[in-house]
Structure formats: C-alpha cells, structure tokens
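Trainee:
Chains as they are written, first to last, in the UniProt record's numbering: chain A, 1 to 369; chain B, 1 to 608.
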C-alpha cells in the first residue's frame with residue numbers, strides 16, 4: 001500500500017520531467033528563427049569572444065537581421081572535421097589556427113570564399129599574410145613571456161633565455177604542451193632559450209629542443225592546457241613565469257591582475273576564417289565574413305582586444321597609442337618571430353607525416369618519460 | 001531454460017503445480033541487450049572497423065604502431081598504477097564509511113549521504129582548481145602546516161599525489177554507495193549470534209558480515225577502477241609535466257594528430273588489456289571472494305569462503321598447510337587489532353572522507369562570492385556580482401534546465417531498462433551471465449571520447465546532433481553500467497526464496513515485482529538512478545560531440561567557460577545547484593511530513 005503510493009509519486013515526477021523537457025524543447029525551437037536566418041560560429045569565449053561580439057557579431061546582426069549563433073560547443077579540429085565528413089558540420093564559419101588549416105585543406109573540408117560580396121579593395125588590404133581562395137587571415141596574436149609582478153617586482157624578462165634563467169628570475173614555470181604542435185609555440189620557445197637565432201629556427205632541432213626542456217624541467221610544474229590557465233596559475237601564485245597569449249596578459253593586466261609581459265622574442269601566430277563544406281548557412285557565413293573584414297569592424301576589434309587586425313587599412317582608424325599595443329605594430333614586430341606554418345605543415349623529410357605530427361610524436365615520447 | 005539454483009529446486013518440490021512453467025525470466029534482458037547492442041556495440045564496431053582499414057584495405061598498421069610505441073606502454077602502466085591505487089583507497093575508505101553509516105540513526109544517515117553526493121553538483125574542472133588552491137605550495141594545507149611550524153610542506157600537487165587526491169575525491173561516492181546499498185539490506189542477527197557465541201566483533205564481522213558484502217565490494221572496485229581509466233581532466237590539471245594517462249594519450253592521438261583510427265586502436269588495446277586483467281583477477285579472487293552468484297546471504301553465515309584454498313591446487317601439501325596457518329594467524333592478529341581500533345577506524349574514515357569530499361566545495365562556495373575576475377584564494381573582496389551575472393544570462397539558465405531534463409529522463413529510462421536487465425542477469429540463465437556482465441561494463445571501460453566519436457559518426461547524418469534525443473540516447477547507455485551493476489549486486493543478496501514463496505502463494509510476476517522486488521531493491525534502484533543521473537549530468541565528452549550549437553548542456557557550458565576564462569562564474573553555478581538540491585531534499589521531507597499529518601488526521605476522522 002505504502003509503496004504503491006510512492007510509485008505513483010515517482011511516476012508523476014518522471015512524467016512531469018519528461019513533459020517539461022518536451023515543453024522546453026518546443027519553446028526553444030520556436031525562437032531564434034528570424035526571417036533573415038542564422039549563421040553558427042564557435043564562441044572563442046573570454047576576452048576574445050567579447051571582442052568579436054562587440055566588433056563583428058552585434059553590428060552585423062543590427063545591419064542585416066541575421067542571427068549570429070555563438071556555439072559554446074567544443075571547437076576541436078578533429079571533432080569539427082568528423083562533422084564535416086559526416087555531412088553535418090557543427091558550424092558555418094570557423095576560425096582555425098594557421099597550422100591546423102592545412103588539415104582542413106587536405107580533408108577538403110572548406111568551401112571557396114565569395115569575394116564578390118566584399119567591398120572593393122578589402123581583399124588587397126589583407127596583409128602581411130594574403131587572403132587565400134578558401135581562407136582569410138583573421139587576426140594576429142603573439143605568444144609572449146609573462147610573469148607575476150607580485151613575485152618579481154620590478155624585474156622584467158627580456159627573452160626566452162631569461163625564462164630559463166631561474167637564478168635571476170626565481171620561481172616555478174609553465175609552458176604550453178608540445179602535444180599541440182605549433183599551437184603553443186613551445187618548440188620555438190625552447191630552441192630560442194637555448195640560443196638558436198630566429199632565422200635558424202626551422203627546421204626545428206628536436207635534440208636541442210628537448211635538451212633545453214630537460215634543463216627547465218626541475219622548475220616546470222606542469223603544462224597548461226587552456227589559454228586561461230597560465231593567467232590563473234600566475235594570479236593563483238602557483239607559477240611565477242609562463243608563456244601566454246598577449247591578449248590574455250593584457251586583459252588580465254587591465255582587470256588589475258599583477259601580471260606583465262614583454263614583446264621581446266614574442267612569437268607571432270595567426271588564425272584564419274574559413275567556411276566549412278556542407279555548412280547549412282553558407283550564404284550568411286559569406287556575408288558575415290565580408291562584413292568582418294571591412295576596415296571599421298577590424299579597427300573596433302583591435303580596440304576591444306590587443307590582437308592585430310588582418311585588414312591593414314584598419315590601422316588608419318586606430319590611434320597611435322592603441323596600435324603600439326598590438327603584436328604587429330612596427331616596434332613590437334621588430335623583435336618578434338613569425339611562426340613558419342609552411343614548415344609546420346610540410347611533410348617531414350623521408351616520411352609521409354607532417355613536421356607537426358613528427359613533433360607531437362617526439363614530444364609524447366619525451367614527456368612520458 | 002536452465003534451472004537456477006538449489007533453493008529454487010527445493011521450493012519447486014513444494015509447489016503444488018505438477019509441471020513447472022517454462023522460465024521466461026530471461027526475457028527481461030531483452031530491452032537491455034537491445035539498447036546496448038544498437039546504441040553501443042554498433043557505433044563502437046563501426047569505429048573499430050575503421051581502425052583496421054587503410055587505403056589498401058585491411059591493415060594492422062595502426063595496432064603495430066601503438067604496440068611498438070613505448071609512449072603507449074608508459075601511459076598504460078601509469079594509468080593502471082593510478083587506477084589500482086585510487087581503487088584501493090576508495091574501496092577501503094568507502095567500506096569504512098558505508099559500514100559506519102549503517103550503524104548510525106536514520107536521520108544522521110540522510111545528512112551524511114547528502115555530504116557524499118554533494119560534490120557531484122560541481123564541475124570537475126572547478127573542483128580541480130579548488131584542489132590547486134588547497135594543495136599548492138602557497139595553498140591552504142601549506143599555510144596550515146606553517147602555523148604548526150612545518151616550514152617545507154610536501155609537494156602535494158602537480159604530481160601523482162595531487163592526481164590521486166583529485167581522483168579519489170571524484171570516485172569515492174562511486175565506491176561508497178554500492179557498498180552502502182548492500183550493507184543497509186544485511187540482517188545483523190547472524191553477526192550478533194556469532195558474537196554471542198564468543199566471536200570478537202571484528203572476527204564476527206570478517207567471517208559473517210564481510211562475505212555478504214563481497215559482491216558489492218567487487219562491484220565498487222570494478223566501477224572505480226574502470227572509471228579511472230577514462231579520466232583526463234583531473235590528471236591534466238593536477239598532474240605534473242610527465243604524468244600522461246592513457247585517456248590523454250588517446251585524446252592527443254585523436255585531437256592533435258587527427259588520427260581517429262590510431263585513437264580507436266589505442267582504445268581497443270586498452271579494452272583488451274583491461275579485459276585480460278579482469279579475467280586474471282577474477283580467476284584469482286573468485287574462490288576467496290565469490291559468495292557464488294546466487295547463493296543467498298544466510299547460507300554464507302555457515303560457510304567461511306575466506307578460508308577455502310584456491311582452486312586448482314593439487315592437494316594440501318605440507319607447505320600449503322604451513323602457509324594457511326600462517327595466513328590464519330596473521331588474519332587473526334590483524335582482526336584483533338582492527339577490532340580494538342574499530343571506533344577510531346570508522347570515525348577516521350569518515351573524517352578523512354568528509355574532508356576529502358567537502359573541502360574543495362568550501363573553497364568553491366567562497367569563490368562564488370568573490371569579486372575578482374580570477375580565482376584567487378582567499379578572495380580579496382566579496383560581492384554577489386557573479387550570481388547576478390548567472391541569473392541574468394538566459395543561456396546559462398536554459399542550459400541548466402536542459403541538463404536537468406536530459407539527465408533525469410535518461411536516468412529514468414536507464415533505471416527501468418537496467419533494473420529489468422539486472423533481474424534477468426541474476427535470476428536468468430547462468431551461461432550468458434559473464435558475457436552480458438562484460439557487455440554491461442563496457443560503456444564504462446571504453447573511453448567516453450571513443451564511444452562518443454563512434455556514436456556521433458553514426459548519427460550525425462540523421463539530424464540528431466543538437467537535439468535532446470541525440471543526447472538522451474548515449475546518456476541512457478552511460479547510465480546502464482551503474483543501474484545494472486548496483487541493482488544486480490543488491491539482487492544477488494536478496495534471497496530468491498522470497499520471490500519463490502510469493503509465487504507459490506499465487507502471486508503473479510507483477511505482484512512479485514511490486515510487493516517483493518521493488519521494496520527490497522529500492523535503495524539500490526535509487527542509487528542506480530542517482531548515478532545514472534549524475535553520469536549524464538556531469539558529462540562533458542558526449543556533449544562535446546552531440547550538443548551542436550542548439551543544445552549546449554550545463555557541464556559543457558561550464559567546461560568551455562572555465563577553459564576559456566577562469567572566473568568565479570562556474571563556482572556560482574555549483575552553489576546554485578547545491579542550493580536547488582538542498583531545496584529539493586527539504587521539499588521531500590516537508591511533503592513526507594504533510595502526507596503523514598494528513599493521513600493521521602484522516603484516520604482519526606475515520607475512527608470517530
């Protein structure tokens with residue numbers, strides 16, 4: 001008797017839950033389908049996401065009525081590629097790291113960009129890296145040495161060799177994992193710390209890189225796994241010196257975190273915009289891309305986060321002070337190294353693997369010791 | 001159909017029916033098997049086929065590459081060590097805590113069970129960050145030790161110790177609850193009888209009580225061990241520079257090398273190794289541990305399975321005899337010590353367990369009130385701005401309800417299918433038992449990354465990505481190992497003669513289910529539901545593939561949020577969920593009280 005009542009109660013709860021789910025479902029489906037349609041873009045989150053929303057997506061929505069759906073779904077190259085192969089890409093327009101772009105190309109996962117939608121002259125202004133038929137450089141970012149000013153006070157690092165110099169700059173270290181290949185620039189960093197000149201970086205001398213990392217290892221607490229982690233480890237006091245993306249350092253600094261970075265030996269990287277093959281809203285993605293690459297939104301973007309615009313015409317709209325904070329400003333880029341994606345995506349001598357794949361495998365062997 | 005067990009044959013003789021009806025109990029296995037085969041085996045096989053395929057046709061190259069790679073074996077070795085260590089700690093601690101629970105008043109039990117379950121409502125990521133704040137060289141532990149005069153605190157994080165602490169914290173409830181759900185059903189009378197016959201409490205426990213729990217202990221150990229194999233977030237955040245576990249290695253193979261075939265090969269090899277390991281372990285442990293699948297509990301009160309020599313030994317030689325006496329002496333001394341220290345041990349296990357479970361949550365709760373943009377502990381200034389941030393963000397609220405709906409639906413389905421399946425597994429034919437048990441455990445053993453990938457590839461062309469159904473289906477599969485194994489463990493301890501007695505008195509299958517099985521299995525079904533719910537509610541990996549842009553679950557949102565920008569927002573989500581959970585528990589008590597009052601009032605009304 002007693003039990004049956006509880007069973008009834010349980011059933012009621014279960015059924016009502018189901019109903020709520022279904023009800024919520026129908027509610028969700030009805031909204032978000034405005035007449036102009038949508039375009040789905042991965043949400044890069046953090047300060048980068050906010051900058052894109054402010055400079056690109058919100059003005060675009062206002063201008064065209066097309067909804068930009070920022071998907072918090074995982075943006076993992078392998079997952080995205082699987083979706084494209086299965087004929088159901090999760091996104092329409094994606095931003096892809098320079099080295100990873102090659103994988104999308106070799107799996108023919110991209111569709112050509114419709115430059116007829118672009119304003120006259122915008123394509124020619126994409127510099128220093130040129131716009132390709134299937135991808136456009138999106139913005140330039142730098143991997144820089146960063147440190148906690150709480151711990152180091154007025155002492156400032158000037159090079160990756162300083163990063164390795166625990167005597168002069170005492171404290172724990174962290175770097176991006178080399179299992180990202182070119183992503184965290186750890187191979188370049190370790191080589192430069194060992195005294196390799198920027199012009200001699202490629203091909204990467206693995207023996208020298210790992211010997212260099214072996215020297216740092218006693219002071220290396222871990223490898224960071226996400227762009228936000230190095231700043232968290234710095235502000236949490238678990239490390240004193242780290243590699244980090246310049247926008248992360250500047251963003252933390254602006255919010256009052258005791259962190260600083262240097263442009264010396266910064267490693268310049270860039271992301272690309274590309275439209276996935278089979279994208280459901282390809283037409284809207286083409287429109288959004290054409291809009292984003294106009295000088296005005298490009299300048300707004302660089303005003304919102306310290307990453308360089310890909311359209312060089314945007315610099316005409318930026319103040320001199322702001323331009324000085326960007327990775328490609330003349331002073332900053334003078335001491336920077338541009339990551340060589342051509343080398344990273346080329347096949348390693350005598351193998352059918354790319355240099356990046358070989359680097360990751362060598363890294364795994366070293367890191368698992 | 002094979003006849004099940006001796007007690008049944010015995011009651012069969014008593015039954016008035018001249019001929020026994022054919023045993024249809026195996027039919028309850030059908031939904032379980034259908035779900036597992038369609039939603040699990042098929043996607044996995046389609047992926048496995050890929051791992052043998054190359055441009056030229058069939059190939060073993062992917063396997064050869066992994067087997068010959070020292071990296072792979074190092075990751076396997078490290079993973080097995082970590083899994084074994086965390087299993088040992090979790091089961092020992094869980095056993096003590098579960099036993100202590102059964103000896104406590106009912107009201108206290110409820111509160112303590114909440115303590116055990118509470119951590120689940122917090123994202124694994126932010127719990128790991130909390131551990132860093134606690135264990136790091138400048139963290140809480142170091143500060144506490146400094147107060148005590150210890151100047152150089154031990155290295156507790158960014159190494160294997162940190163990894164173990166994080167893992168044990170996450171898996172302890174998984175060990176505790178199955179053991180508790182069986183222990184709470186054990187009759188203590190035989191233990192008291194043994195004590196009244198002169199056995200010391202520890203000896204009585206060891207020989208009378210423990211055998212009845214061994215199936216639950218095995219289930220708990222298997223659950224914890226297998227779950228550890230799939231861990232990658234915790235080791236990545238709390239481990240040191242070289243502490244790569246196999247799940248991370250598979251992930252690198254898949255994500256960074258974009259080599260799904262290689263990743264599938266690694267997963268298949270891992271599966272093979274685990275199965276071989278379990279086969280060996282079971283062969284060695286079975287004689288000393290098994291209570292015999294269907295042997296009813298009371299029977300064990302006379303048997304002393306712990307003392308039976310291992311099967312396959314050719315007669316008791318003199319050396320064997322010596323060894324046995326030695327072992328017995330060690331056991332007796334050990335039991336004597338444990339018996340004397342039983343109170344401190346039980347109390348200690350709870351203190352240690354509660355500290356492990358709750359401390360990171362305290363840190364998380366304090367973080368939720370932080371004014372900072374980063375997670376600094378202790379926060380310099382406090383504010384409620386992150387709460388405002390959460391409650392005004394529609395996306396977060398939507399995700400919260402989406403996840404609650406998905407997880408509860410999947411858990412209900414999984415408990416129903418799993419409950420029937422467990423019945424078929426335990427009471428059905430004996431022969432297919434082992435293969436089915438292995439099949440049921442598979443969703444736990446197979447790294448979620450691999451399973452999700454297989455499922456995703458299979459369903460992506462059918463517009464299931466980004467839909468509720470597309471998420472519920474895999475969540476049902478992920479919940480089944482919990483609902484089946486926990487229910488089966490409880491069912492094994494339930495005397496089959498109860499059901500037979502009911503049947504012989506004329507009860508139909510439905511009545512047996514309603515009046516015998518459901519009441520007896522309720523704790524197990526509830527903990528099965530809880531774990532299935534949590535498996536779905538805590539999941540990030542399946543959601544990574546299946547959420548699409550339209551159905552972003554709460555854990556995925558939290559994961560991406562904290563991955564992209566470490567802020568107190570995730571802490572706020574945890575606190576909100578905890579609050580909601582507490583409110584639900586409170587509501588349950590209030591309704592129970594109301595129902596009771598109304599019933600009393602009604603009966604009085606009837607009397608007068």
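For each residue, glycine too, the CB sits at the ideal point set by N, CA and C.
For residue 320 of chain B and residue 329 of chain B, what's the separation of their Cα atoms in angstroms?
Mentor: Looking up residue 320 of chain B in the second chain gives position 320. Looking up residue 329 of chain B in the second chain gives position 329. Roughly 14 Å separates the two Cα atoms.
Trainee: Taking DSSP's pairing of strands, which residues face residue 175 of chain A in a bridge?
Mentor: Against the first chain, residue 175 of chain A aligns to sequence position 175. Answer by DSSP bridge pairing, in chain order: A/223.
Trainee: Output needed for residue 363 of chain B: all residues of its chain with C-beta closer than 8 Å, excluding positions within five of it in sequence on either side, in chain order.
Mentor: In the second chain, counting from the first residue as 1, residue 363 of chain B sits at position 363. Hits under 8 Å: 130, 133, 134, 140 and 377.
Trainee: Starting from residue 70 of chain A, trace the beta strand (DSSP E) in both directions and tell me its first and last residue.
Mentor: On the first chain, position 70 is the one that residue 70 of chain A refers to. 67-71 is the extent of the beta strand (DSSP E) around residue 70 of chain A.
Trainee: Starting from residue 66 of chain B, find everything on chain A with Cβ-Cβ shorter than 9 Å and list it in chain order.
Mentor: The residue given as residue 66 of chain B occupies position 66 in the second chain. Within chain A, no residue comes near residue 66 of chain B; the closest Cβ sits about 12 Å away, beyond 9 Å.
Trainee: How would you list, in chain order, the residues of chain B whose beta-carbon sits under 8 Å from the beta-carbon of residue 390 of chain A?
Mentor: Outside the shown range of chain A, which is 1 to 369, sits residue 390 of chain A, and nothing can be said about it.
Trainee: Since residue 307 of chain A and residue 247 of chain A are thought to touch, with beta carbons under 8 Å apart, how far apart are those beta carbons, to the nearest angstrom?
Mentor: Looking up residue 307 of chain A in the first chain gives position 307. Looking up residue 247 of chain A in the first chain gives position 247. Confirmed, about 5 Å.
Trainee: By DSSP, does residue 204 of chain B sit in helix, in strand, or in coil?
Mentor: In the second chain, the residue the question calls residue 204 of chain B occupies position 204. Here residue 204 of chain B sits in helix by DSSP.
Trainee: Quick check on the DSSP output: the beta strand (DSSP E) that includes residue 146 of chain A runs from which residue to which?
Mentor: As a first step, residue 146 of chain A must be located in the first chain, where it is residue number 146. Counting along the chain, the beta strand (DSSP E) containing residue 146 of chain A begins and ends at 136-148.
Trainee: Where does the unbroken beta strand (DSSP E) through residue 242 of chain A begin, and where does it stop?
Mentor: Translated into the one-based positions of the first chain, residue 242 of chain A becomes position 242. Here the beta strand (DSSP E) through residue 242 of chain A covers 241-245.
Trainee: Give a yes or no on whether the minimum CB-CB distance between residue 92 of chain A and chain B is below 7 Å.
Mentor: Translated into positions along the first chain, residue 92 of chain A becomes position 92. It does not: the Cβ of residue 92 of chain A has no partner Cβ on chain B nearer than 7 Å.
Trainee: The beta strand (DSSP E) that contains residue 41 of chain A, what's its start and end?
Mentor: As a working mapping, residue 41 of chain A is identified with position 41 in the first chain. Element bounds for residue 41 of chain A: 38-42.
Trainee: Going by beta-carbon coordinates alone, are residue 332 of chain A and residue 263 of chain A separated by less than 7 Å?
Mentor: As a working mapping, residue 332 of chain A is identified with position 332 in the first chain. As a working mapping, residue 263 of chain A is identified with position 263 in the first chain. Yes, the Cβ-Cβ distance between residue 332 of chain A and residue 263 of chain A is below 7 Å.
Trainee: Does the CB of residue 88 of chain A have a neighbour CB from chain B at under 7 Å?
Mentor: Locating residue 88 of chain A in the first chain gives position 88, where the first residue counts as 1. Yes, its Cβ sits closer than 7 Å to a Cβ of chain B.
Trainee: Can you name the residues of chain B whose CB is closer than 8 Å to the CB of residue 76 of chain A?
Mentor: What you label residue 76 of chain A is simply residue 76 of the first chain in a count that begins at 1. Correct list: 255 and 544.
Trainee: Tell me whether residue 287 of chain A is buried or exposed, calling it buried when 16 or more other Cβ atoms sit within 10 Å of its Cβ.
Mentor: Residue 287 of chain A sits at position 287 when you count from the first residue of the first chain. The residue in question, residue 287 of chain A, is buried, as its Cβ has 16 or more Cβ neighbours within 10 Å.
Trainee: Per DSSP, what kind of secondary structure is residue 647 of chain B in: helix, strand or coil?
Mentor: Here chain B comprises residues numbered 1 to 608, so residue 647 of chain B is not present and cannot be evaluated.
Trainee: Do the stretch 64-73 of chain B and the stretch 264-280 of chain B make contact, defined as three or more Cβ pairs closer than 8 Å?
Mentor: Verdict: yes, contact present.
Trainee: Tell me the residue span of the alpha helix (DSSP H) that contains residue 273 of chain A.
Mentor: Reading the first chain from its first residue, position 273 is the one you call residue 273 of chain A. From DSSP, residue 273 of chain A is part of no alpha helix (DSSP H) but of the beta strand (DSSP E) over 267-276.
Trainee: So, for residue 427 of chain B: in the same chain, excluding its five sequence neighbours on each side, which residues have a beta-carbon less than 6 Å away from its beta-carbon?
Mentor: In the second chain, the residue the question calls residue 427 of chain B occupies position 427. Taken in chain order, the residues that qualify are 25.
Trainee: Starting from residue 259 of chain A, follow the beta strand (DSSP E) in both directions and report where the run begins and ends.
Mentor: Position 259 of the first chain holds residue 259 of chain A. From DSSP, the beta strand (DSSP E) with residue 259 of chain A extends over 259-261.
Trainee: How would you list, in chain order, the residues of chain B whose beta-carbon sits under 7 Å from the beta-carbon of residue 223 of chain A?
Mentor: In the first chain, residue 223 of chain A corresponds to position 223, counting from 1. Correct list: 241.
Trainee: Taking 8 Å as the threshold, find out whether the stretch 190-204 of chain A comes into contact with the stretch 153-169 of chain A through three or more Cβ pairs.
Mentor: Short answer: they touch.
Trainee: What whole-angstrom Cβ distance do residue 360 of chain B and residue 195 of chain B have, given they're in contact under 8 Å?
Mentor: Translated into positions along the second chain, residue 360 of chain B becomes position 360. Translated into positions along the second chain, residue 195 of chain B becomes position 195. Going by Cβ atoms, the distance from residue 360 of chain B to residue 195 of chain B rounds to 40 Å, so no, they are not a contact pair.
Trainee: Considering only the beta carbon of each residue, do residue 221 of chain A and residue 239 of chain A sit closer than 7 Å?
Mentor: Reading the first chain from its first residue, position 221 is the one you call residue 221 of chain A. Reading the first chain from its first residue, position 239 is the one you call residue 239 of chain A. Yes, the pair counts as a contact, with Cβ atoms nearer than the cut-off.
Trainee: With DSSP collapsed to three states, give me the class of residue 529 of chain B.
Mentor: As a working mapping, residue 529 of chain B is identified with position 529 in the second chain. Helix, per DSSP.
Trainee: Please return the same chain residues whose Cβ sits closer than 6 Å to the Cβ of residue 257 of chain A, not counting the five positions on each side in sequence.
Mentor: Start at 1 with the first residue of the first chain, and residue 257 of chain A comes out as number 257. Counting only Cβ-Cβ distances below 6 Å, and skipping sequence neighbours, we find 235.
Trainee: Does residue 296 of chain B come out as helix, strand or coil in the three-state DSSP assignment?
Mentor: Numbered from 1 along the second chain, position 296 holds the residue referred to as residue 296 of chain B. With a pLDDT of only 37 at residue 296 of chain B, under the threshold of 50, the placement of this residue in the model should not be trusted, and no figure is reported.
Trainee: In or out: residue 589 of chain B buried (at least 16 other Cβ within 10 Å) or exposed?
Mentor: Residue 589 of chain B sits at position 589 when you count from the first residue of the second chain. Looking at its Cβ environment, which holds fewer than 16 other Cβ atoms inside 10 Å, residue 589 of chain B is exposed.
Trainee: Taking buried to mean at least 16 other C-beta atoms within 10 Å of its own C-beta, is residue 184 of chain A buried or exposed?
Mentor: As a first step, residue 184 of chain A must be located in the first chain, where it is residue number 184. Looking at its Cβ environment, which holds 16 or more other Cβ atoms inside 10 Å, residue 184 of chain A is buried.
Trainee: Can we say the stretch 88-101 of chain A touches the stretch 260-279 of chain A, given the rule of at least three CB pairs closer than 8 Å?
Mentor: Output reads yes: the stretch 260-279 of chain A touches the stretch 88-101 of chain A.
Trainee: Does DSSP classify residue 95 of chain B as helix, strand or coil?
Mentor: Start at 1 with the first residue of the second chain, and residue 95 of chain B comes out as number 95. Correct three-state label for residue 95 of chain B: helix.
Trainee: Apart from the five residues on each side of it in sequence, which residues of its chain come closer than 6 Å, Cβ to Cβ, to residue 297 of chain A?
Mentor: Within the first chain, numbered from 1, the residue matching residue 297 of chain A stands at position 297. Result list for residue 297 of chain A: 55 and 56, in chain order.
Trainee: Check whether the stretch 332-352 of chain B touches the stretch 209-226 of chain B, taking contact to mean three or more Cβ pairs, one atom from each stretch, closer than 8 Å.
Mentor: The answer is no - the stretch 209-226 of chain B does not touch the stretch 332-352 of chain B, with fewer than three Cβ pairs under 8 Å.
Trainee: Cα-Cα, which of B/433, B/503 and B/420 is closest to residue 480 of chain B?
Mentor: Here residue 480 of chain B refers to the residue found at position 480 of the second chain. Measuring from the Cα of residue 480 of chain B, the nearest candidate turns out to be B/420.
Trainee: Name, please, each residue of chain B whose Cβ falls closer than 8 Å to the Cβ of residue 228 of chain A.
Mentor: Counted from its first residue, the first chain places residue 228 of chain A at position 228. Per Cβ cutoff of 8 Å: 562, 563, 564, 565 and 566.
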